[in-house]
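Encoded as structure tokens, the structure appears first; notes follow it.
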Amino acid sequence: MDEILAVLRAAGEATRLRILALLRSGELTVGEIVSVLDQSQPRVSRHLKLLCEAGLLDRFREGTLIFYRLSEQNSAKKHHQAILGWLDNFDSIVQSDQSKLATIRRSRFEAAQAYFTDNAAKWDEIRSLYVPEQQVEQALLDCLEERYFSNILDIGTGTARMLELFAPQCDQGLGLDVSLEMLGHARSHLLEKNLDHCTVRRGDMYDLPIEDESQDLVLFHQVLHFADDPALAIKESCRVLRPNAQMLIADFAPHDEEFLRDEHAHRRLGFADDEIINIAAMSGLNASGITHLTGGRLDVTIWQFCANSA
Ligand SMILES: C[S@@+](CC[C@H](N)C(=O)[O-])C[C@H]1O[C@@H](n2cnc3c(N)ncnc32)[C@H](O)[C@@H]1O
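Take any residue in the sequence shown, note its place counting from 1, add 42, and you have its number in our numbering.
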């Protein structure tokens, strides 16, 4: 009873209920929540603190930004479902908050798109600035131990370098990207390398234009740190994995190079093992390996997963 009363007290206030409703659509920074609610930061921070204390939200700091998300604890999920289940999605305040959030996300998406448009031509040069690329690529190949796949899906394919790397190990490779400029470079790249069995097309990681349970291997190479909602992207990618299929995620380990946010459109400053493994587990993936690659300006981690059997 004590727990329920604490939860109801925390959620039983208009601003806090709005915050819970907003966080249904993924993690947000304090600044974003403040912009949607149009209230002062100290006031919003007080509400956030109360929601955290009641176990309804998780808070994490990354560089100069503080993020909040709905807590992943099982007991908290039960409370979110109950409380948010009472909320009318057509309520005018809920709708207005959602539309303000959509505007904020759209402008961030457009800024990231502009970045990729401007940098598509020099992407291969940029990617090598941060990471010991050859080391990462060798480690990715090692994870799969020369296994052969009927198809491979590379999400956020960029210039299709990952398709080129895994081309000898598949019958068919498909790369998806939201940036038309990147896709243009990817197509030239595949043509130049005579990789006829690899193609690219437009596709969003949150809504893959791909059938359920159709892919043998899914790759996310240096993509998730751009994601507003990495958990949703991983969940969507799990939908398309065949039983026992593999997934490889390569991304930065946690770091504090804040300039990557300002100058290179990064949303997240790397990922801790726990975070990726927990997100993947919620989508039904089993971790089968972790490789930490150190020695570059930024460290890279490769997380390897296997989908459940049928
Ligand atoms: C850092 S690049 C990595 C490209 C490639 N995986 C590589 O390793 O070279 C990130 C790519 O993710 C793409 N991207 C960003 N948001 C995306 C989304 N929502 N859906 C699909 N691709 C996305 C960008 O357009 C960009 O090409």
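Don't be surprised by glycine CBs; every beta carbon is placed ideally from N, CA and C.
From the options, residue whose alpha carbon lies closest to that of residue i
i	options	result
H239	A63, E223, L207	L207
L186	F132, W345, L129	W345
M204	G326, R111, V178	V178
I108	K119, L90, W128, M289	L90
F268	Y110, F313, E234	F313
E45	E188, H121, A287	H121
R111	Q155, L274, V342	L274
T343	D304, L216, L266, A154	L266
A307	A154, G326, L335	A154
T336	L50, V136, H297	H297
S113	M247, L250, L65, T57	L65
E55	V86, T71, V76, M43	V86
T199	D80, Q140, L302, D246	D246
L259	A156, H334, E152, F347	F347
K277	M324, D304, L302	M324
L290	R281, L182, R309	L182
Q390	G226, L92, I61	Lying outside 43 to 352, the shown extent of the chain, residue 390 is not represented and no answer is given.
L143	A96, T71, S117	T71
Y248	V49, S67, A48	S67
L327	P285, Q123, P84, S192	P285
S117	F151, D184, K235, V49	V49
G226	L47, Q83, W165	W165
I75	M43, S141, A96	S141
L47	I252, A156, L232, A96	A96
T57	E234, S330, D139, I252	D139
Per DSSP, cross-strand counterpart(s) of residue i
i	result
C94	None, per the DSSP bridge assignment.
C240	G215
W345	I291, I332
E104	L107
G220	Here the sequence assigns Val to residue 220, which means Gly is not the residue at that position. For V220, which the question treats as bridged, DSSP gives no partner whatsoever.
I194	G215, L259
T159	T159 is not bridged to any residue.
D316	Looking at the DSSP assignment, D316 forms no beta bridge with any residue, so it has no partner.
D249	D246
T71	F109
L99	L112
L327	A349
L283	Q257
Cβ-Cβ distance between residue i and residue j below 9 Å
i	j	result
T241	M224	no
I11	I332	Here the chain covers residues 43 to 352 and nothing more, so residue 11 does not appear.
S221	A162	yes
Y190	Q211	yes
I146	V78	yes
A63	L98	no
D219	A228	yes
G73	P174	no
F33	I197	For residue 33 there is no data in the structure shown, the boundaries of the chain being 43 and 352.
Q257	F294	no
L129	L237	no
A349	A287	yes
V216	R244	In the sequence as displayed, the identity of residue 216 is Leu instead of Val. No, these two residues do not count as a Cβ contact at 9 Å.
S279	L250	yes
N131	Q123	no
E300	L340	no
R103	R309	no
Supposed contact pair residue j and residue i - C-beta distance, whole angstroms, cut 8 Å
i	j	result
G105	L311	5 Å
E69	D316	E69 to D316, Cβ: 15 Å. No contact.
R88	C94	About 11 Å; that fails the 8 Å criterion.
R281	D254	6 Å
heavy atom of ligand 2 below 8 Å from residue i C-beta
i	result
E300	Among the ligands in the structure shown, ligand 2 does not appear; only ligand 1 can be found there.
Q. Pick out every residue whose C-beta is nearer than 5 Å to a heavy atom of ligand 1: which are they, in chain order?
A. Listed by position along the chain, the residues with Cβ atoms less than 5 Å from a non-hydrogen atom of ligand 1 are F158, G198, G200, R203, D219, V220, S221, M224, D246, M247, H263, Q264, V265, F268.
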